[in-house]
């Protein structure tokens, strides 16, 4: 059975809710399929880490992620820490460190819901 190594980084705000929920979904998929599994490693980086350590992630953080097959990342941003610190010190540091520059967020517009994207050409 193939085991995928996944780093989980909830980060800040809603990330602390969506990353555990995403992990539950992945675990359910693995259980249903039976041909693959996941080995999760949690990283408590983000605003709370910054308050305790003075940085958004440790200096050797990229090395800790290097052997992972994927990173399940929540959110970066804390109302008490300037945006340039949370963004450049965590998300962009990881993205640039692994040459990942796309920030794709798939969306769909549900019928009957007015949304700004409906007005885009």
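In the working numbering, the protein residues as written are 806 to 926. Ideal placement from N, C-alpha and C gives every residue a C-beta, glycine not left out.
{"Query": "Buried or exposed (CB count within 10 angstroms, at least 16 for buried), residue 896", "Result": "buried"}
{"Query": "Where the alpha helix (DSSP H) through residue 903 begins and ends", "Result": "Residue 903 -> no alpha helix (DSSP H), and no H or E assigned at all."}
{"Query": "Cβ pair count under 8 Å reaching 3, the segment 810 to 818 against the segment 845 to 864", "Result": "yes"}
{"Query": "Stretch pair the segment 870 to 889 + the segment 816 to 836: three plus CB contacts closer than 8 Å", "Result": "yes"}
{"Query": "Classification of residue 878 by the beta-carbon crowding that lies within 10 angstroms, buried from 16 upward", "Result": "buried"}
{"Query": "Euclidean distance between Cα positions of residue 914 and residue 827", "Result": "21 Å"}
{"Query": "Range covered by the beta strand (DSSP E) that runs through residue 846", "Result": "841 to 847"}
{"Query": "Whole-angstrom distance between residue 874 and residue 862, CA atom to CA atom", "Result": "19 Å"}
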